[in-house]
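A short worksheet on the structure shown next.
There are 2 protein chains.
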Amino acid sequence: MKITMADVAAAAGVNKATVSRVLRGDARISQATSEKVWAAVKRLGYRPDAVARGLSSRINDLIGVVFGDLASPWTGAFLSGLERVLGRLGLDCIVKEAGSEVSRQTHAIQRLVSRRVDGLILLDCKKQNGADVPVVSVGSYNPGSTNVSVDLEAAAQALKALAAGREIIYLGGEGALFTGVDELLGVEVKKTRGTLHVMDGMPREENKTSSREPCDDYVICGFRKEALYCGFWVLEYPAFEMGVLAARILVNGIRGKGVRPQDVFLVPSLFSPEGDLFIPSSCGWKEYPSTGPARFPRGPRRDR
Amino acid sequence: MKITMADVAAAAGVNKATVSRVLRGDARISQATSEKVWAAVKRLGYRPDAVARGLSSRINDLIGVVFGDLASPWTGAFLSGLERVLGRLGLDCIVKEAGSEVSRQTHAIQRLVSRRVDGLILLDCKKQNGADVPVVSVGSYNPGSTNVSVDLEAAAQALKALAAGREIIYLGGEGALFTGVDELLGVEVKKTRGTLHVMDGMPREENKTSSREPCDDYVICGFRKEALYCGFWVLEYPAFEMGVLAARILVNGIRGKGVRPQDVFLVPSLFSPEGDLFIPSSCGWKEYPSTGPARFPRGPRRDR
DNA sequence: TTGTACGCGTTATCAT
DNA sequence: ATGATAACGCGTACAA
Chain A
443 MKITMADVAA AAGVNKATVS RVLRGDARIS QATSEKVWAA VKRLGYRPDA
493 VARGLSSRIN DLIGVVFGDL ASPWTGAFLS GLERVLGRLG LDCIVKEAGS
543 EVSRQTHAIQ RLVSRRVDGL ILLDCKKQNG ADVPVVSVGS YNPGSTNVSV
593 DLEAAAQALK ALAAGREIIY LGGEGALFTG VDELLGVEVK KTRGTLHVMD
643 GMPREENKTS SREPCDDYVI CGFRKEALYC GFWVLEYPAF EMGVLAARIL
693 VNGIRGKGVR PQDVFLVPSL FSPEGDLFIP SSCGWKEYPS TGPARFPRGP
743 RRDR
Chain B
443 MKITMADVAA AAGVNKATVS RVLRGDARIS QATSEKVWAA VKRLGYRPDA
493 VARGLSSRIN DLIGVVFGDL ASPWTGAFLS GLERVLGRLG LDCIVKEAGS
543 EVSRQTHAIQ RLVSRRVDGL ILLDCKKQNG ADVPVVSVGS YNPGSTNVSV
593 DLEAAAQALK ALAAGREIIY LGGEGALFTG VDELLGVEVK KTRGTLHVMD
643 GMPREENKTS SREPCDDYVI CGFRKEALYC GFWVLEYPAF EMGVLAARIL
693 VNGIRGKGVR PQDVFLVPSL FSPEGDLFIP SSCGWKEYPS TGPARFPRGP
743 RRDR
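Order-wise, the sequence lines are chains A and B.
Numbering-wise, the first sequence is residues 443 to 746 according to my numbering.
Numbering-wise, the second sequence is residues 443 to 746 according to my numbering.
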């Protein structure tokens, strides 16, 4: 049998409404009754029912997160950032995967709305007009809602600085993280001293056998953690930070009704094979020493 | 203004209860009224309220998923598998991160229970006694609940077969996926032809400079997708499958009250640098050819 | 086959 | 400062 507020009220000898007020921290309540109520709550082991509270108050402390594709390696980091913020604020999030079809996305969103979520975070999803809750979009841009995205221009800048005049070849595959950065890259090619390969997503078949020139350097787009074995440079996807920011912005939109925060762009970091952060000292190109030997094996050694 | 069942009932000229029955697909309802109701539903754009439904029916079609650490690279794959199953069955899931402290885990679980989740999936979390909902544990073993885990013995078998007599060195670091496999590994060492390095989790500082012998081979524990650049062998963590299984088992526990499914062990796959699945033809060791050249660059070439 | 009426557990709006 | 009571939106015995 479940303990309800009515039980607590009876045990404390007060009214249901009073119990509710005490629990919600209403200011105008006497010290005496407050203690009585809390004692009863503890004694009976009462747990408030979030569903009933939601039905009555229209506040569910719940947001919906709709992923186009859940299975990407940065999902966890994103959700971790999200939860870091939501946890502090006493919000929960319900996670859905909707694929790339708009019809499924619509379905997922409507489902969440029927759960009375207070807000929505959309990752690589088309925004729907119907939902009258605050929306923050991540990844694909949705005009009309606040957007959190990666600063591709900054990424391109960093890569160009690293290339320091070398030709840059961008190899984008399935699940690429920095889609669109290639268009910002190819402009100013000097083609000296070889090339810099930027590898983003699953390598395509035709790239697997791509011949390389001497003095090559490689950049992987992804996470430092996972790429450490390779001995490559890493252009890190700021997933955790995106989660934090998306949550913060959404909560602002929920609490402060009406305000529509600005779009936000996050700058990804570029790490050397040694794990050092690469900070271009100027905006333009500069000479940067070619990668030294990595401290960790890059692959099976077959020589000798 | 929100459209409720009462509005639909009025528009269709029937009773609220009738609308409810039509929506729930009650068999004993006349064709005529059913069509009337559906017409009204469509015309008014009525959306059922999941919160009210939950309060009334005690069924929320909602489960809670508690992660010890969300930020691991396989979180996304796991959730994807989970959602694949839950989506079909019309269930939603709410995701929480609880860290490693039991107090926080308890807090997260109680919060979910107060939301009236129909079941709980715990990843690397201690199970609580209080929750009287079905529980499936993943990762760390919880006696008293159904557990989904990786078959470490199968993993060890595969690695030993691959080693084919070579010494196996297990380098486990932060975020290791196959914790405990090393104890199943070190037994039968022949130490011929060099060593096989198994790298699991973030490389520790002391391992980064570990000297290697010729004829080495490397196995990374993680995901094929992310490890493709390295040219290493990959012992793939079956995260997606774990999600699918955890969901299936939990739903069984929810639907068929009382049944407690067996614990389940999932066999991880071992892939060659070329992306081929490695299937040891016998249980014991056998000679296996050393890795051929990978089709994708393993790291910056600094020679020549 | 359909309507009536109450319950679910809480918050909000009146009173007092 | 507190009590009584009506919402909140839906499911469901029970009645018809």
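A virtual CB, placed ideally from N, CA and C, is assigned to each residue, including glycine.
Bear in mind that the values here come from a model prediction, so they are computed numbers and not experimental data.
Show which residues of chain B have a CB atom less than 8 Å away from the CB atom of residue i.
i                : result
Asn502 (chain A) : Val493
Is the shortest distance between the beta-carbon of residue i and the beta-carbons of chain B less than 8 Å?
i                : result
Leu562 (chain A) : no
Gln552 (chain A) : yes
Thr621 (chain A) : no
Leu752 (chain A) : Since the first residue of chain A shown is 443 and the last is 746, residue 752 (chain A) is not available in this structure.
Pro739 (chain A) : With a pLDDT of only 34 at Pro739 (chain A), under the threshold of 50, the placement of this residue in the model should not be trusted; the figure read from the coordinates follows. Output row for Pro739 (chain A): interface = yes.
Under 8 Å Cβ-Cβ, which residues of chain A neighbour residue i?
i                : result
Phe682 (chain B) : Ala513
Ser556 (chain B) : Arg489, Pro490, Asp491, Ala492
Thr475 (chain B) : The premise fails here: Thr475 (chain B) is roughly 24 Å from chain A at the closest Cβ pair, so nothing lies under 8 Å.
Let's see if you can read the secondary structure: which residues bound the beta strand (DSSP E) around residue i?
i                : result
Ile610 (chain A) : 609–614
Phe707 (chain B) : 706–708
Gly506 (chain B) : 504–509
Phe713 (chain B) : 711–713
Trp675 (chain A) : 675–678
Val623 (chain A) : That residue, Val623 (chain A), is in no beta strand (DSSP E); it is neither H nor E in DSSP.
Gly664 (chain B) : 659–664
Val592 (chain B) : 588–592
Lys538 (chain A) : 534–539
Asp642 (chain B) : 637–642
Which residues in chain B sit within 7 Å of residue i, going by Cβ to Cβ distance?
i                : result
Leu497 (chain A) : Val493, Ala494, Leu497
Thr517 (chain A) : Thr517, Gly518, Leu521
By the DSSP assignment, the alpha helix (DSSP H) with residue i in it spans what residues?
i                : result
Ile563 (chain B) : Looking at the DSSP string, Ile563 (chain B) is not in any alpha helix (DSSP H); the run it does join, the beta strand (DSSP E), is 561–565.
Val693 (chain B) : 681–697
Leu420 (chain B) : Coverage of chain B is limited to positions 443 through 746, which leaves residue 420 (chain B) absent and any answer about it impossible.
Leu551 (chain B) : A quick correction: the sequence has Ile, not Leu, at residue 551 (chain B). Ile551 (chain B) -> alpha helix (DSSP H) spans 544–556.
Gln449 (chain A) : Just to set this straight, residue 449 (chain A) is Asp in the shown sequence, not Gln. 447–454 is the extent of the alpha helix (DSSP H) around Asp449 (chain A).
Ser579 (chain B) : It is not in any alpha helix (DSSP H) - Ser579 (chain B) instead sits in the beta strand (DSSP E) that spans 577–580.
Leu512 (chain B) : No alpha helix (DSSP H) contains Leu512 (chain B), which DSSP labels as neither H nor E.
Gln473 (chain B) : 473–486
Lys569 (chain B) : Unbroken run through Lys569 (chain B): none, as it is neither H nor E.
Gly496 (chain A) : 492–499
Arg470 (chain A) : Careful: Arg470 (chain A) lies outside any alpha helix (DSSP H) and carries neither H nor E.
Identify the contact partners of residue i in chain A, using a Cβ-Cβ distance below 9 Å as the criterion.
i                : result
Ala481 (chain B) : Chain A residues near Ala481 (chain B): none, gap ~20 Å exceeds 9 Å.
8 Å is my cut-off, CB to CB: does residue i come that close to chain A?
i                : result
Leu465 (chain B) : no
Taking only heavy atoms of the ligand PLP into account, decide whether any of them is closer than 7 Å to the Cβ of residue i.
i                : result
Ser476 (chain A) : As far as ligands go, the structure on display features none, and thus does not contain the ligand PLP.
Can you list, in chain order, the residues of the segment 521–541 of chain B whose Cβ is nearer than 8 Å to any Cβ on chain A?
If the cut-off is 8 Å between Cβ atoms, the segment 521–541 of chain B has Leu521, Ser522, Glu525, Arg526, Gly529, Asp534, Cys535, Ile536, Val537, Lys538, Glu539 near chain A.
Does the segment 501–516 of chain B touch the segment 503–519 of chain A, meaning 3 or more C-beta pairs lie closer than 8 Å?
Below 8 Å, enough C-beta pairs join the segment 503–519 of chain A and the segment 501–516 of chain B to call them touching: three or more.
Taking three-plus beta-carbon pairs below 8 Å as touching, is the segment 480–496 of chain B in contact with the segment 528–547 of chain A?
Below 8 Å, too few C-beta pairs join the segment 480–496 of chain B and the segment 528–547 of chain A to call them touching: fewer than three.
Can you find at least 3 beta carbon pairs, one from the segment 501–511 of chain B and one from the segment 522–536 of chain B, that sit closer than 8 Å?
Touching, yes.
When the Cβ atoms of the segment 673–680 of chain A are set against those of the segment 550–558 of chain A, are three or more pairs found closer than 8 Å?
The answer is no - the segment 550–558 of chain A does not touch the segment 673–680 of chain A, with fewer than three Cβ pairs under 8 Å.
Evaluate the contact criterion for the segment 711–719 of chain A versus the segment 605–618 of chain A: three or more CB pairs, one atom per stretch, below 8 Å.
Judged by Cβ distances under 8 Å, the segment 711–719 of chain A makes no contact with the segment 605–618 of chain A, as fewer than three pairs qualify.
Are the segment 567–575 of chain B and the segment 677–689 of chain B in contact at 8 Å, needing three or more beta carbon pairs?
Contact between the segment 567–575 of chain B and the segment 677–689 of chain B is absent, because fewer than three Cβ pairs lie under 8 Å.
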